[in-house]
Amino acid sequence: MTTSQGAAKGVAVAVVPVVSVVTAVLMVLTGGGATPAGAAPGLCAGAGSGQTVTGVELDADQMGHAWTIVSTVAERQLPVRAAVIAVATAYTESRLVNSAVQTDHDSEGLFQQRVSIYTEAVAIDPVRSTNAFLDRMVDVPDWETRPMGDVAQAVQISAYPDRYALHVGLADEVVGQIWPTASSTAGAAGTSDAAAICPGAGGARPVGEFVGPMGGNTTGTTTVPAGLVINGSPQGVAAVQYALAQLGKPYVWAAAGPNSFDCSGLTMAAWAAGGVALPHNAAAQTGHGTPGAINLTDAVGGDLVMIPGAGGTALRPGHVGMVAGYVDQEDGRHLYLVHAPMTGVPVIVTEASRWSGQVVAVRHIG
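Take the sequence shown: its position 113, counted from the start at 1, is 117 in this note's numbering, and no numbers get skipped.
Structure below.
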């Protein structure tokens, strides 16, 4: 830590919010969709939760990519048919595996898009590649009524044009599980009763209690805690203020704003607001800034806090949050984190004590 960074610890900005209804969110940082009590698991299960669909086993990563595709379609206000076509295409091309290994000349990613045509930055990015596919799909004449396999072929121009139709049934089942939540969260047409029972459904700021399917639960809110003090450098304060402005926005894997985020996408965008560039990867962010105490005794606003999550390790953490600030209460000082937890749970503020025993890295960024 430099002298200027140490001096910055004395900077404190009090946030005095208008506190409305506190959204209690009880969930698990596993990457799996949190299923509220009484909800149908098939309807609410999300990214990070493996599924068997029409006899086909899809692992957590494959379902996560399906969620990303469907959520991207919903955010564009396209009908559910577009999601089925996109998922069928991605399953046909890559089995919903986002591979950077070039095959069939220079094809990469979920849609096996040609790098020489789409660029590698687009082909390997799940959200951007989905948007690139959709941009071309909506230009296909009569795409809303033509056979779905024909529409996919018109975009992909494959040497095997009949393959896409073979996986429309599978895609229809997958999308049927995801669409009610994705479309409700995005405000797209085609919402259902999922808004009443699925986490993240029914608008940008869901209200209610959600219970994750495994142990290690944590509690969060979509409102700023009353009396929160953001202590840190001016850059850190700017980063935290940006992150807090995103409370209630939905989690979408690989998203980095402005309408949705994943964990590292939120911290990357927040620190960009503070004038610092970070990579879009939780593990890679551990290589930036300077180390802080794992027990958070010297944590200030904007510090990054890493835990393994579902698929990570102590050396390569899979989840990252940001220190938001603290609130002094009768029983002592309470530290808070802001983070984008998982599919189905929006950006929330969580008491840092809920991560006790899980933290593997802390980074002072600025």
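Even glycine gets a Cβ: it sits at the ideal position worked out from N, Cα and C.
Beta-bridge pairing by DSSP links V126 to no other residue. V304 places its beta carbon 9 Å or farther from that of T271. Under DSSP, the beta-bridge partners assigned to H343 are I352. Judged by DSSP secondary structure, Q289 falls within the alpha helix (DSSP H) whose first and last residues are 286-289. When DSSP reads this structure, R367 sits in a beta bridge with P295, L308.
The DSSP-derived three-state label of Q181 is helix. Secondary structure at V101: coil, using DSSP grouped into helix, strand and coil.
In this structure, A87 sits near W183, with a CB-CB distance shorter than 9 Å. Secondary structure remark: continuous alpha helix (DSSP H) runs of at least 4 residues inside the region 232-289, in chain order: 238-248, 267-277, 286-289. Three or more pairs of CB atoms, one per stretch, sit closer than 8 Å, so the region 85-101 contacts the region 133-140. As DSSP reads the structure, G329 sits in a beta bridge with Y340.
Short of 6 Å from the beta carbon of A169, and not among the five residues preceding or following it, lie these beta carbons of its own chain, in chain order: G153. In this structure, the beta-carbon distance from D307 to G231 does not fall below 9 Å. For E61, the enclosing beta strand (DSSP E) has its first and last residue at 60-62. Counting the other CB atoms within 10 Å of its CB gives A104 a total below 16, which places it among the exposed residues.
Apart from sequence neighbours up to five positions away, the residues of its chain that approach V179 with a beta-carbon distance below 7 Å are V74, V84, A87, V88, V91, ordered along the chain. Residue pairing by DSSP places H69 in no beta bridge whatsoever. Boundaries of the beta strand (DSSP E) around V57: 55-57. Closest in alpha carbon position to G296, among A273, L62, R367, L174, is R367.
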